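Everything below concerns the one structure shown next.
Chains as they are written, first to last, in the UniProt record's numbering: chain A, 1 to 343; chain B, 1 to 343.
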């Protein structure tokens with residue numbers, strides 16, 4: 001009974017995505033997991049997580065090995081560098097703190113030991129770390145099925161998940177070495193034999209493919225207040241709005257990243273969520289809760305990438321500007337913007 | 001003290017717009033006014049309207065001559081044809097009843113006597129009457145300043161108004177004769193010497209000019225939840241979203257209707273509402289109250305007119321589709337749409 005062969009993993013962000021990751025890692029037995037929680041810290045610290053999961057079934061009172069409500073400051077607290085840091089918070093670069101500020105106490109700038117895993121959506125999320133942490137290997141995690149936290153610590157994941165892990169490219173590092181870390185992470189995550197976690201060499205393909213949903217249905221559902229079932233029932237919303245947006249992503253993927261998405265990806269993505277489940281994409285959930293929305297990485301980055309190489313993206317441009325205005329409204333409501341007094 | 005020289009006017013719709021019209025017409029003394037009210041009938045019938053008006057000052061307990069809560073059926077009720085019917089309801093052709101169904105009991109199809117005045121926004125609102133009431137003269141009323149009904153019967157109109165009255169063209173009627181009716185209506189409306197009401201020969205110019213605001217700021221404010229003050233403060237919303245939409249209207253006005261809007265109309269319209277008043281356009285007010293929005297005449301018609309003659313209108317196309325989806329959401333919430341049960 002020794003932990004000598006176990007890897008240490010710090011999971012930052014224990015909402016629906018992070019909680020499922022911790023469950024897989026800990027049940028697999030190859031990782032010692034420390035989790036950092038914020039809004040659900042007291043609930044999970046007291047009674048653990050409850051899961052209703054397509055992969056794990058019903059699990060009640062599950063507790064990660066170590067539960068914290070602060071990011072470990074590894075120097076001040078004399079903690080050895082973690083083998084992996086898994087970032088599963090929302091990524092909202094337009095609202096402080098940045099993910100870099102968030103992770104830095106646990107990840108010194110000159111780090112080479114710790115592998116950072118970004119279990120977050122959107123494009124170019126690794127780019128800021130190339131400057132702040134140029135020698136840190138960074139992995140990409142793309143999950144195909146959403147999960148939701150109904151109340152603090154109560155996680156529901158209706159369908160079996162599939163997680164794609166790959167290495168973000170970094171000119172300062174050996175690509176094979178980073179790929180080895182990706183494979184090691186896959187082995188660790190898969191050891192539980194539950195969630196299907198696979199090594200995927202084509203990170204950009206995985207990310208652009210998911211953007212067909214995330215850059216389009218996410219903001220459209222958020223802005224209209226219609227879930228992915230209702231948007232398919234609402235007159236011409238799919239043909240007049242959703243599909244034109246999706247086609248812009250398909251064109252940008254090819255032109256900006258050389259990513260050829262399958263014929264039929266647009267219809268496949270429209271039909272992805274079961275109609276009669278009336279699922280709300282994460283951005284719609286966030287907006288309804290008054291939370292900030294992840295529109296810069298989901299929508300702004302693919303838009304900028306596409307336009308940079310001349311792809312015409314009028315639908316996403318309007319959706320982006322509307323999302324930006326909605327984000328400003330959220331900031332004002334939270335007192336982060338000063339405006340002149342009403343006369 | 002005889003009413004022999006007075007014209008009979010039926011005003012349908014006694015919200016903020018209709019109430020101000022009734023006040024002008026009745027104070028002027030040249031009209032006998034009957035008003036048809038719906039949601040504010042009992043309030044106004046009991047204690048009259050209260051106004052805080054830039055044109056009329058404070059007026060309390062004002063009552064139109066006749067207050068009804070049904071459209072007069074002039075045949076069944078043996079009422080002589082009205083000289084004028086002023087329609088000041090919302091105009092929402094995508095939600096029944098249509099304005100034609102609404103007005104028909106008071107306006108027989110073969111009418112020639114009654115002049116219909118459409119004190120409503122948007123484009124092509126006279127077109128349906130060409131079929132249903134081919135011999136009825138129809139006038140256009142475009143008001144430059146918005147007013148609001150704070151609670152039933154409480155009308156606020158901060159700034160002096162300016163009302164443009166003109167004749168819609170109708171191939172079945174003599175244009176000079178319809179223009180004479182427009183001038184007569186202006187005289188009647190102006191007799192109070194309060195609101196500035198002028199005869200305007202170029203109806204299309206008036207309507208396209210107002211669309212620079214109504215097709216753009218109206219849906220953008222409604223969709224983002226930001227009023228016309230806040231939208232000017234929110235990062236790049238004006239440059240990235242509002243002005244591109246407005247430029248599409250300017251281009252469509254010229255190409256579709258030969259209407260040359262002034263240089264500077266875009267900036268002028270952006271600056272029209274005082275920033276620090278934080279005014280909500282009507283569509284935003286309607287959406288916040290859970291009411292249907294007037295997006296077809298304000299946004300759909302100029303879009304269709306522009307596209308018919310090849311104007312490229314990508315911003316308004318996306319705004320139109322979003323507004324349509326939002327309208328569908330309202331319909332579903334009001335139980336007007338059946339959707340499959342959630343599984």
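Glycine residues also receive a C-beta, built at the ideal position from the N, C-alpha and C atoms. Nothing here was measured: the structure is a model prediction, and the numbers come from that model.
Legend entry - Heavy atom of the ligand MN within 7 Å of residue 206(B) beta-carbon: Although the ligand MN was asked about, the structure shown includes no ligands whatsoever.
Inset, instruction - Could you tell me whether the Cβ atoms of residue 143(A) and residue 27(A) are closer together than 8 Å? - result: Taking 8 Å as the Cβ cut-off, residue 143(A) and residue 27(A) do not qualify as a contacting pair.
Legend entry - Interface flag, residue 326(A) vs chain B, CB-CB below 8 Å: It does: the Cβ of residue 326(A) has a partner Cβ on chain B nearer than 8 Å.
Legend entry - Per-residue DSSP class, three states only, for residue 94(A): Coil, per DSSP.
Legend entry - Reduced DSSP category for residue 221(B) - H, G, I as helix; E, B as strand; rest coil: DSSP, reduced to helix, strand and coil, places residue 221(B) within a helical segment of the structure shown.
Inset, instruction - Check the Cβ of residue 240(A) against every Cβ in chain D and list those closer than 7 Å, keeping chain order. - result: Considering every chain present, this structure includes no chain D. Its protein chains are A and B.
Inset, instruction - Tell me whether residue 2(A) sits in a helix, a strand or coil according to DSSP, three-state version. - result: Any answer about residue 2(A) is weak, because its pLDDT of 43 lies below 50 and its placement is not dependable; what the coordinates show is given next. Reduced to three states, the DSSP call for residue 2(A) is coil.
Inset, instruction - With DSSP as the reference, label residue 330(A) as helix, strand or coil. - result: If DSSP states are grouped into helix, strand and coil, residue 330(A) belongs with the helices.
Legend entry - Residue environment, residue 274(A), which counts as buried when at least 16 other CB atoms sit within 10 Å: Under a 10 Å Cβ-count criterion, residue 274(A) is classified as exposed, with fewer than 16 other Cβ atoms of the shown protein chains found around its own Cβ.
Legend entry - Contact check, residue 181(B) vs residue 137(B), beta carbons under 8 Å: A contact, by the Cβ cut-off of 8 Å.
Legend entry - Residues within the region 218 to 241 of chain A neighbouring chain B, beta-carbon criterion of under 9 Å: Under the 9 Å Cβ criterion, the region 218 to 241 of chain A contributes 220, 223, 224, 225, 226, 229, 230, 231, 233, 234, 235, 236, 237, 240 and 241.
Inset, instruction - Could you check what DSSP says for residue 295(B) in three-state terms: helix, strand or coil? - result: DSSP places residue 295(B) in helix when its eight states are reduced to three.
Inset, instruction - Tell whether a beta-carbon distance below 8 Å holds between residue 323(A) and residue 303(A). - result: With contacts defined by Cβ atoms closer than 8 Å, residue 323(A) and residue 303(A) do not form a contacting pair.
Inset, instruction - Tell me whether the beta-carbon of residue 141(B) lies closer than 8 Å to the beta-carbon of residue 103(B). - result: Contact flag unset, no.
Legend entry - C-beta atoms of residue 309(B) and residue 255(B) nearer than 8 Å: Yes, the Cβ-Cβ distance between residue 309(B) and residue 255(B) is below 8 Å.
Legend entry - Span separating the alpha-carbon of residue 252(B) from that of residue 219(B): Cα-Cα distance, rounded: 18 Å.
Inset, instruction - Pull up the distance between the alpha-carbon of residue 109(B) and that of residue 171(B), whole angstroms please. - result: Note on geometry: alpha-carbon atoms of residue 109(B) and residue 171(B) lie some 16 Å from one another.
Legend entry - C-alpha distance - residue 293(B) paired with residue 224(A), whole-angstrom precision: For residue 293(B) and residue 224(A), the distance between alpha carbons rounds to 13 Å.
Inset, instruction - Assuming residue 297(A) contacts residue 91(A) (C-beta within less than 8 Å), just tell me the rounded distance between them. - result: Confirmed, about 5 Å.
Inset, instruction - Return the chain-ordered list of same chain residues with a C-beta closer than 7 Å to the C-beta of residue 1(B), the five sequence neighbours on each side being excluded. - result: Only weak support is given to the placement of residue 1(B): the predicted model assigns it a pLDDT of 40, under 50, and the question is left unresolved by the model.
Legend entry - Residues near residue 242(B) by beta carbon distance below 7 Å, same chain, minus five either side: Excluding sequence neighbours, residue 242(B) sits near 216, 217, 220, 231 and 270.
Inset, instruction - Please work out which residues of its chain come closer than 6 Å, Cβ to Cβ, to residue 95(A), disregarding the five sequence neighbours upstream and downstream, and give them in chain order. - result: Residues of the same chain with a CB within less than 6 Å of the CB of residue 95(A), apart from the 5 flanking positions on each side, are 292 in chain order.
Inset, instruction - Taking residue 278(A) as the query, report the chain B residues whose CB atoms sit under 7 Å from its CB, ordered along the chain. - result: The contact set of residue 278(A) on chain B, defined by CB atoms closer than 7 Å, consists of 342 in chain order.
Inset, instruction - Could you tell me which residues DSSP puts in a beta bridge with residue 36(A)? - result: BP columns for residue 36(A) point to 12(A) and 68(A).
Inset, instruction - Mind checking who residue 324(A) pairs with in its DSSP beta bridge? - result: Beta-bridge pairing links residue 324(A) to no other residue.
Legend entry - Reference residue 81(B); option with closest CA among 111(B), 57(B), 265(B) and 44(B): Looking only at 111(B), 57(B), 265(B) and 44(B), the smallest Cα-Cα distance to residue 81(B) is reached by 111(B).
Inset, instruction - Starting from the Cα of residue 268(B), find the closest Cα among 168(B), 238(B), 151(B) and 63(B) and give me that residue. - result: Distances from the alpha-carbon of residue 268(B) to those of 168(B), 238(B), 151(B) and 63(B) put 238(B) closest.
Inset, instruction - Give the single residue among 245(B), 164(B), 195(B) and 236(B) whose Cα lies nearest to the Cα of residue 205(B). - result: Comparing Cα-Cα distances from residue 205(B) to each of 245(B), 164(B), 195(B) and 236(B), the minimum goes to 164(B).
Inset, instruction - Tell me whether the beta-carbon of residue 21(B) lies closer than 8 Å to the beta-carbon of residue 87(B). - result: No, they are not a contact pair.
Inset, instruction - With 8 Å as the threshold, decide whether the Cβ of residue 318(B) is near any Cβ in chain A. - result: At least one chain A Cβ lies under 8 Å of residue 318(B).
Inset, instruction - Run the CB neighbour count on residue 14(A), radius 10 Å, all protein chains shown included, and call it buried at 16 or more, exposed below. - result: Here residue 14(A) is buried, its C-beta having at least 16 other C-beta atoms within 10 Å.
Inset, instruction - Could you check what DSSP says for residue 215(B) in three-state terms: helix, strand or coil? - result: Correct three-state label for residue 215(B): coil.
Inset, instruction - Ignore the nearest five residues each way along the sequence and tell me which others in residue 211(B)'s own chain have a CB closer than 6 Å to its CB. - result: Only 249 and 302 meet the Cβ criterion.
Legend entry - With 16 other Cβ atoms within 10 Å as the buried cut-off, status of residue 29(A): With fewer than 16 other CB atoms across the displayed protein chains lying within 10 angstroms of its CB, residue 29(A) is exposed.
Legend entry - Buried versus exposed, by CB contacts within 10 Å (16 or more), residue 58(B): Residue 58(B) comes out exposed.
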